[in-house]
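Residue numbers (the numbering used here): -1 to 343. Backbone N, C-alpha and C fix where the C-beta goes; we use that ideal spot for every residue, glycine too. These figures come from a predicted structure and were not determined experimentally. The next block holds one structure in the form of structure tokens; read it before the comments.
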Amino acid sequence: MGGRKPWQADYGQGEHTIDCDQLGFLDEQALTDRLVQTFDSPGYHPPRLPEVATELLALSQDPDVEFRRIESLLERDAMLAGEVLSVARSAFYARSGSVVLLREALSRVGLEKLRGIVMQAAMTLRVFRSASYRGWMERLQAHCLATAHVARFVSRHTPIPEEQAFLCGLLHDVGIAGILLVLGDVGRGKQPPALDVLWPAIHAAHPKAGARMVQLWGLPPDLALAVGAHHQVRIEKFDHPLAAANCLAEALTAELDMALVPAGDGGELKAELAGSPLPLQGRIDQSDALTLERARGALALTDSTLDRIRSDAREWARASETPTPASEARMRIGHSGGHARGGGR
């Protein structure tokens, strides 16, 4: 099976080769190995980022760049410009009034935050999109965005640059998105594989898959290292600060009900997302207690500091006025013929 072709509407979702029909015959380790091999293959190409986005990421590295040049570049891609404007209009960035013009949006967010916003827009347009696993992709996108903001709050108590932490948080689970795109590309008339038995292998493979995607996009090597180590923190006997920050940030999103698998009812939740049951056993996409303690120690965070980070995270969640992914998923389940459940907390 190959990826989308340039003349097809979904071009940009990536190219790969994997035989989904054989997955049901493999045990967990063999499944994990098969997924990792897919991303390591010379024939794998991640979803192609918009050309304007990659140019903007490079241009925004120049502290002397004029907003006029950035605005001119963004105007070449109406969809990307619309996404950037949408993010700038969000409650988190537009607290002092509405934003109408693109130039006004760029001025509001500033050059430092622009890289993260452009990448967020690019991920929305090209990565967190799957007709086969729509519900999971939407939840994953919300989880990654929450982790990005919480990682920024964590970084304020460390030497890590805020926007580096934000970008790593945004990309930390991109390997899951990449795997879902691979599994969902089964061809017309075929059903994508059910995820219930695949989640342990997806969890095991996604750090390496994500690191590979970040490398192929040409993003900084340190970012790829951190994405690949966000569930272990330690790289070659050393604790990686950026990986530690995102490990903690991801754990803290569970307190906002924005973990990939709901923290409150994960073991008992019987609902389905886009036909794929939530994992009912084990904790998917979570780090163990020892790793979390190692991450905290690597960043030298005290109890009071963690409390301040939690407070900032709760304030962001309120200010962003974003429905929790759990409630959104339940509403979609109700609309699609399942059991309707409440839309809010």
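Extent of the continuous alpha helix (DSSP H) run through residue i
{"i": "Ser309", "result": "Asp301 to Ser318"}
{"i": "Gly114", "result": "Leu100 to Arg124"}
{"i": "Arg292", "result": "Ala287 to Leu297"}
{"i": "Pro358", "result": "This structure cannot speak to residue 358, because the chain is shown only from -1 to 343."}
8 angstroms contact criterion, which residue i and residue j should meet: CB distance rounded
{"i": "Leu420", "j": "Ala119", "result": "For residue 420 there is no data in the structure shown, the boundaries of the chain being -1 and 343."}
{"i": "Ser130", "j": "Pro190", "result": "4 angstroms"}
{"i": "Ile174", "j": "Pro239", "result": "With 8 angstroms as the limit, Ile174 and Pro239 do not qualify as a contact, their Cβ atoms being about 23 angstroms apart."}
{"i": "Leu72", "j": "Val82", "result": "6 angstroms"}
{"i": "Val212", "j": "Ala222", "result": "4 angstroms"}
{"i": "Val116", "j": "Leu193", "result": "Not quite, the Cβ-Cβ distance comes to about 30 angstroms (not below 8 angstroms), so this is no contact."}
{"i": "Leu109", "j": "Ser70", "result": "Actually they are not in contact, since the Cβ atoms of Leu109 and Ser70 sit about 15 angstroms apart, beyond 8 angstroms."}
{"i": "Ile282", "j": "Val259", "result": "5 angstroms"}
{"i": "Ser128", "j": "Leu178", "result": "5 angstroms"}
{"i": "Arg294", "j": "Leu246", "result": "6 angstroms"}
Close beta carbons around residue i, own chain, < 6 angstroms, minus the five adjacent residues each side
{"i": "Ala202", "result": "Thr30"}
{"i": "Glu160", "result": "Arg150 and Ser153"}
{"i": "Phe37", "result": "Ala207 and Arg210"}
{"i": "Trp5", "result": "Low per-residue confidence applies at Trp5: pLDDT is 33, beneath 50, and the placement is therefore not dependable, though the value from the model is reported in the following sentence. Nothing meets the Cβ criterion."}
{"i": "Asp75", "result": "Pro48 and Val50"}
{"i": "Pro321", "result": "The predicted model places Pro321 with a pLDDT of 48, which falls under 50 and marks its position as unreliable; any figure quoted below should be read in that light. Within the same chain, Pro321 has no close Cβ partners at all."}
{"i": "Thr156", "result": "Leu297"}
{"i": "Leu290", "result": "Ala249"}
{"i": "Val195", "result": "none"}
{"i": "Val63", "result": "Leu57"}
{"i": "Ala227", "result": "Ile233, His238 and Ala241"}
{"i": "Gln139", "result": "Phe126"}
Per DSSP, the bridge partner or partners of residue i
{"i": "Asp237", "result": "Arg232"}
Other residues of its chain near residue i: CB distance less than 8 angstroms, five sequence neighbours each side excluded
{"i": "Arg308", "result": "Leu250 and Glu253"}
{"i": "Arg61", "result": "Sequence check: residue 61 is Pro here, not Arg. Excluding sequence neighbours, Pro61 sits near Leu109."}
Cutoff 7 angstroms; reference residue i; Cβ partners in own chain excluding five residues on either side
{"i": "Leu217", "result": "none"}
{"i": "Ala144", "result": "Thr251, Leu254 and Met256"}
{"i": "Ala243", "result": "Ala149, Val152, Ser153, Thr156, Ile158, Ala163 and Leu297"}
{"i": "Ala224", "result": "Cys166, His238, Leu240, Ala241 and Asn244"}
{"i": "Ser88", "result": "Ser318"}
{"i": "Lys111", "result": "Glu161"}
{"i": "Arg101", "result": "Phe65 and Glu69"}
{"i": "Glu26", "result": "Pro198 and Ala199"}
Unbroken alpha helix (DSSP H) runs of length 4 or more, entirely within the region 137 to 198: which are they? 160 to 169 and 172 to 182
At which residue ranges does the region 13 to 75 contain complete alpha helix (DSSP H) runs of 4 or more residues, listed in the order of the chain? 26 to 38, 49 to 57 and 65 to 72
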